[in-house]
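With the first letter of the sequence shown counted as 1, position 206 gets the number 1581 in the numbering used here; the numbers rise by one all the way through. The structure under discussion appears below in the form of structure tokens.
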Amino acid sequence: MAKFNRRQLITGFSALYLAALTAIAAYALHQTNFYSLPIPNVLSALTVALPPLAGIALESIISFQHQLVSKGKLQTSKVFQAVNVTFLIYETVLATLAGTHIAPLGGLWCPLHDKWQEMRTSRDAKSIQRIQDAFNCCGFNGPKDMAWPFPDKKHGADTCMVRFERDIGCLEPWRTTERKIAIMLLIVPVAVFLWKVALFLAPGFDAPWLPSAIRLPNDNTEEETRPRPAITYHDLEDNADEDSLRGEVNRLNKDSNLATHVEGGRIRPSPLIQETENNMWSRD
């Protein structure tokens, strides 16, 4: 079985993650058009484009920087910073615009009313019928409020209510659907931003070219493999409060005095041995 390195696994997971976000945004775009929601198509379309654009741009920059590093040209890329700031603005704008279709609930009434009135004025029977059939309702704010079939010589304002036996307006379920779709459109830019943060902070993501403001300190594996200096080692072991150099000098002096004392005791003969040697010489 083929083995994949860490970067390949991260790239594969990122591709699946961004594809899922693209699918969510595409579904939101489809639902926006299906229910004729007052959410601009340009907002939905830009949200659909965000995940693949972010993935392609970031992967291209990472590959380019790794090529520079392999050539010994380690540097923080100004292009990376510019692209990152651009996407941050992009994501913020999308999230803000999507948020305007979520709350407050009272503020959603006017856009929905204007949209329904626009469809009523343009005689867009197909769109209004689709909404009424989807939510089993009639009219906008009530079963007789701009409902389809439109009033004429053969149909009254209550035709929809009588024919389909519906007694509720479409405002509430239509507004709830708008909020759900807007939440999807909000999730996508937020999720893309979190993906980038997680990518930079992922263990083993080797990117020494990242700006220091967003780069975590490297793992301590390199530092742990290096031989620890004796002074630092003793400081950690003894938890000395004094200066490291002074403490080490004091320890060395103590060791030197101890060695001198031991050596002097070993060389100097004891009094008993000295007396025995003197007696032997006197006998001779």
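Every residue gets a Cβ at the ideal spot worked out from N, C-alpha and C, and that includes glycine.
Just to confirm, is the Cβ distance from residue i to residue j under 7 angstroms?
i	j	result
glycine 1474	leucine 1576	no
glycine 1544	phenylalanine 1515	yes
valine 1458	alanine 1432	yes
alanine 1557	leucine 1396	no
methionine 1536	proline 1524	no
leucine 1483	arginine 1381	no
histidine 1476	glutamate 1553	yes
proline 1564	glutamate 1434	no
cysteine 1513	glutamine 1504	no
serine 1419	threonine 1407	yes
glycine 1430	leucine 1393	yes
isoleucine 1668	phenylalanine 1455	With the chain represented from 1376 up to 1659, any question about residue 1668 goes unanswered, as that position is not in the structure.
serine 1502	serine 1411	yes
May I ask which residues mark the beginning and end of the alpha helix (DSSP H) holding residue i?
i	result
tryptophan 1484	1484-1496
methionine 1559	1546-1576
tyrosine 1410	Neither: tyrosine 1410 is in no alpha helix (DSSP H) and is coded neither H nor E.
glutamate 1466	1453-1474
methionine 1536	1534-1539
lysine 1529	Neither: lysine 1529 is in no alpha helix (DSSP H) and is coded neither H nor E.
aspartate 1520	Unbroken run through aspartate 1520: none, as it is neither H nor E.
aspartate 1508	1500-1510
Counting contacts by CB-CB distance shorter than 7 angstroms, is residue i in contact with chain B?
i	result
valine 1458	Included in the structure is just one protein chain, with no chain B present.
With a threshold of 6 angstroms, establish whether the CB of residue i neighbours any heavy atom of the ligand PLP.
i	result
alanine 1398	The ligand content of the structure shown is nil, which means the ligand PLP is not present either.
**Prompt:** Does the pairing of the stretch 1461-1476 with the stretch 1415-1427 give three or more beta-carbon distances under 8 angstroms?
**Reply:** yes
**Prompt:** When the Cβ atoms of the stretch 1522-1540 are set against those of the stretch 1400-1410, are three or more pairs found closer than 8 angstroms?
**Reply:** no
**Message:** Within 8 angstroms, do at least three Cβ pairs link the stretch 1493-1501 to the stretch 1423-1430?
**Reply:** Counting Cβ pairs under 8 angstroms, fewer than three are found: no touch.
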